[in-house]
Amino acid sequence: MADQEVFDYVIVGAGSAGCVLANRLSADPAARVLLLEAGGEDDADAIHIPAAFATLFKTKYDWNYETVEQKHTGKKEYWPRGKMLGGCSSINAMIYIRGNRLDYDGWRDSHGAEGWGFDDVLPYFKRAEANQRLGGPLHGTDGPLHVEDRRFTHELSSAWVDSAVNWGLKRTDDFNGESQEGAGLYQVTCKKGARWSTADAYLRPALSRPNLTVRTNAQATRVVLEGNRAVGVSYLQNGVEQTARAESEVLLSGGAINSPQLLLLSGIGPAEHLREQGIDVAVALPGVGENLHDHPASGIVWSTRGTTDVADAATPAGLVRYQLTKRGPLASNIGEAGAFYSTVDGLAAPNMQVHVAPTLFYDNGFREPTVKGFTSAATLVDVASRGRLRLKSSNPLWKPEIDPSYYAEPADFDAMMSGLRSLIEIGRSGALAKFLDKPFLPATHDLDDHALAEHIRQNTQTLYHPVGTCAMGTGEQAVVDPSLKVRGVDGLRVVDASVMPVVPRGNTNAPTIMVAEKAADLIRGG
Ligand SMILES: Cc1cc2nc3c(=O)[nH]c(=O)nc-3n(C[C@H](O)[C@H](O)[C@H](O)COP(=O)(O)OP(=O)(O)OC[C@H]3O[C@@H](n4cnc5c(N)ncnc54)[C@H](O)[C@@H]3O)c2cc1C
454 MADQEVFDYV
464 IVGAGSAGCV
474 LANRLSADPA
484 ARVLLLEAGG
494 EDDADAIHIP
504 AAFATLFKTK
514 YDWNYETVEQ
524 KHTGKKEYWP
534 RGKMLGGCSS
544 INAMIYIRGN
554 RLDYDGWRDS
564 HGAEGWGFDD
574 VLPYFKRAEA
584 NQRLGGPLHG
594 TDGPLHVEDR
604 RFTHELSSAW
614 VDSAVNWGLK
624 RTDDFNGESQ
634 EGAGLYQVTC
644 KKGARWSTAD
654 AYLRPALSRP
664 NLTVRTNAQA
674 TRVVLEGNRA
684 VGVSYLQNGV
694 EQTARAESEV
704 LLSGGAINSP
714 QLLLLSGIGP
724 AEHLREQGID
734 VAVALPGVGE
744 NLHDHPASGI
754 VWSTRGTTDV
764 ADAATPAGLV
774 RYQLTKRGPL
784 ASNIGEAGAF
794 YSTVDGLAAP
804 NMQVHVAPTL
814 FYDNGFREPT
824 VKGFTSAATL
834 VDVASRGRLR
844 LKSSNPLWKP
854 EIDPSYYAEP
864 ADFDAMMSGL
874 RSLIEIGRSG
884 ALAKFLDKPF
894 LPATHDLDDH
904 ALAEHIRQNT
914 QTLYHPVGTC
924 AMGTGEQAVV
934 DPSLKVRGVD
944 GLRVVDASVM
954 PVVPRGNTNA
964 PTIMVAEKAA
974 DLIRGG
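Shown next as structure tokens:
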């Protein structure tokens, strides 16, 4: 390997996890760290203005994926993924949720992820967190990741919380406290009204370190193996293929789509599939790309009266107000409020999360705001259905085949039916009702089961939380062991949302950051 640059660690992907690793590993001045990012800088205004996140969809800042046609909805689903410094933490809706204690205990007890029970991971959530309101034994206050109450809350969001309480949910001001259940306003990963991505929180503070090299527009194409040891990464930058050598470890943080794709491209995965693609099998690992799952969401939308729509602020004057004060409707993260609850009695933890938005937000926000509106979306957070990711080509520039198999398990669909029924009831009760003019989507809310099911099929979308494709554990299908080392390969770990054997109940940015915080300790520990 002549004229190659040599590092100790080569990290692939500067997203939620990769930026954490880059910071924590380069804190040791003796460690030479290379961070490769396929996208460019996080340099668009819309990245930093919370309410503008969906305007980044289908731009150069987005990988712009699409699932295969889903058998149980009859539709292909658009899947945005951030392609820039910060990855999805630069395009997401900024909601700060950790998940339920039982999620992590389940990783340990049902998947053999020793060391990842809730009590083990809580210190890493806290190490990351700089909560501006909450403290005590469950929250961190001086970590890199700013967590704050939004600087703008629309009256519809507060009214929805009141109505949900009126309907029977308890009010909470901390979804990450002792109990996850209840209705309330979400905290966000923002700092003084602006997005606070992992590029802001972890990468920029480390950029002046001489031992950290960051390459943007550098897309990894293959892990270089010598026998069963990962020794480097090949990548394309400006059309030129280069190889960086890793004397210590290669760390894949490309996310739940790209990390399994890169393993497959490197000959690590299900042997038969690799052979079909004409790829030499380096290490047969049947679980790579399997276990893909996501949180499906489906909304109910009303037109409103006697109030504003948060989209009304998307004017030059609204922008000037935001830029001068970092306040006003553009400081909204759109998904301002919500709830966690169970649609059936007797569950040990919530199976449903609600996201509400003081605007029309359906079809990933691509619809023009033709009327002033309000959306509440049921989000299934205890998902039984499992799909998979496969290569369509051995060409690393091709997108992979993505199949989350939404609703493959009928229980998932049943839960969604109950979830939407609850949202219709909440809309009819309490403080919210006076603002709701009439049903907008579907056009009537007096629906029999057949009509509601059809609404769900036509209006399911991703809540943007794919995980599980390089699952951690000890079983046959595990891809990484509990220290996140790829099984059967030396010098290679996966550190991102793909290692989660089961998606936590809630939004996945904070859990991914936690994974990377813990991984940094595991890596430094050898
Ligand atoms: C629209 C949207 C809204 C969301 N809203 C929320 C929310 O409100 N709250 C929340 O908690 N979570 C939210 N999420 C989910 C959350 O942001 C993700 O789960 C989390 O960021 C995943 O982190 P990651 O490190 O696994 O991957 P990513 O953050 O996607 O990082 C992967 C990085 O690797 C780069 N990369 C990929 N392949 C290569 C390659 N071959 N070579 C070099 N670089 C590569 C990518 O460009 C990217 O920068 C949202 C996600 C999206 C897309």
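When we follow our numbering, the leftmost residue of the sequence shown carries the number 454, and every step to the right adds one. Each residue gets a CB set at the ideal place from its N, CA and C atoms; glycine is no exception.
Check whether residue i and residue j have beta carbons under 8 Å apart
{"i": "A709", "j": "G921", "result": "yes"}
{"i": "G535", "j": "C472", "result": "no"}
{"i": "S611", "j": "S542", "result": "no"}
{"i": "Q930", "j": "E743", "result": "yes"}
{"i": "V686", "j": "A673", "result": "yes"}
{"i": "A924", "j": "L555", "result": "no"}
{"i": "V741", "j": "L717", "result": "yes"}
{"i": "P597", "j": "A652", "result": "no"}
{"i": "G466", "j": "E490", "result": "yes"}
{"i": "S650", "j": "L678", "result": "no"}
{"i": "H898", "j": "S785", "result": "no"}
{"i": "E601", "j": "H592", "result": "no"}
{"i": "G637", "j": "F628", "result": "yes"}
{"i": "G493", "j": "M547", "result": "no"}
{"i": "N817", "j": "Y639", "result": "no"}
{"i": "Y462", "j": "A699", "result": "yes"}
{"i": "G788", "j": "S616", "result": "no"}
{"i": "V574", "j": "K971", "result": "yes"}
{"i": "V770", "j": "L783", "result": "Before going further, note that residue 770 is Ala rather than Val in the sequence given. Going by C-beta atoms, A770 is not nearer than 8 Å to L783."}
{"i": "L833", "j": "M805", "result": "yes"}
{"i": "S858", "j": "S712", "result": "no"}
{"i": "D865", "j": "V836", "result": "yes"}
{"i": "G781", "j": "F506", "result": "no"}
{"i": "G707", "j": "D515", "result": "no"}
{"i": "S838", "j": "H746", "result": "yes"}
{"i": "A480", "j": "I464", "result": "no"}
{"i": "N681", "j": "A484", "result": "no"}
{"i": "A497", "j": "L478", "result": "no"}
{"i": "V676", "j": "L738", "result": "no"}
Assumed close pair residue i, residue j - CB separation to whole angstroms, cut-off 8 Å
{"i": "P935", "j": "A566", "result": "5 Å"}
{"i": "V933", "j": "V956", "result": "About 16 Å; that fails the 8 Å criterion."}
{"i": "K623", "j": "K779", "result": "At roughly 32 Å, the Cβ-Cβ gap does not stay under 8 Å, so K623 and K779 are not in contact."}
{"i": "T760", "j": "F893", "result": "Going by Cβ atoms, the distance from T760 to F893 rounds to 14 Å, so no, they are not a contact pair."}
{"i": "L905", "j": "H748", "result": "Wrong, their Cβ atoms sit about 19 Å apart, outside the cutoff."}
{"i": "T669", "j": "H599", "result": "That belief does not hold up - the Cβ atoms of T669 and H599 are roughly 24 Å apart, past 8 Å."}
{"i": "P954", "j": "G978", "result": "Rounded, the Cβ-Cβ distance is 22 Å, inconsistent with contact."}
{"i": "L488", "j": "E702", "result": "L488 to E702, Cβ: 13 Å. No contact."}
{"i": "H501", "j": "R648", "result": "5 Å"}
Status (buried if at least 16 other CB within 10 Å, exposed otherwise) for residue i
{"i": "V693", "result": "exposed"}
{"i": "A896", "result": "exposed"}
{"i": "D974", "result": "exposed"}
{"i": "M967", "result": "buried"}
{"i": "L850", "result": "exposed"}
{"i": "H564", "result": "buried"}
{"i": "P964", "result": "buried"}
{"i": "S661", "result": "exposed"}
{"i": "A671", "result": "buried"}
{"i": "N848", "result": "exposed"}
{"i": "I976", "result": "buried"}
{"i": "H908", "result": "buried"}
{"i": "M454", "result": "Confidence at M454 is low in this model, with a pLDDT of 45, below 50, so the placement of that residue is unreliable and no value is reported for it."}
{"i": "E821", "result": "exposed"}
{"i": "L609", "result": "buried"}
{"i": "S846", "result": "exposed"}
{"i": "A868", "result": "buried"}
{"i": "V1013", "result": "Since the first and last residues shown for the chain are 454 and 979, residue 1013 lies out of range."}
{"i": "P803", "result": "buried"}
{"i": "A504", "result": "buried"}
{"i": "R958", "result": "buried"}
{"i": "G799", "result": "exposed"}
{"i": "R758", "result": "exposed"}
{"i": "V459", "result": "exposed"}
CB contact below 8 Å: residue i versus chain D
{"i": "G707", "result": "The structure shown contains no chain D, having only a single protein chain."}
Contact the region 746-755 vs the region 814-834: 3+ CB pairs below 8 Å: Yes, the region 746-755 touches the region 814-834.
Three-pair Cβ contact test at 8 Å for the region 624-640 versus the region 790-799: yes
At least three beta-carbon pairs within less than 8 Å, the region 868-878 to the region 798-815: yes
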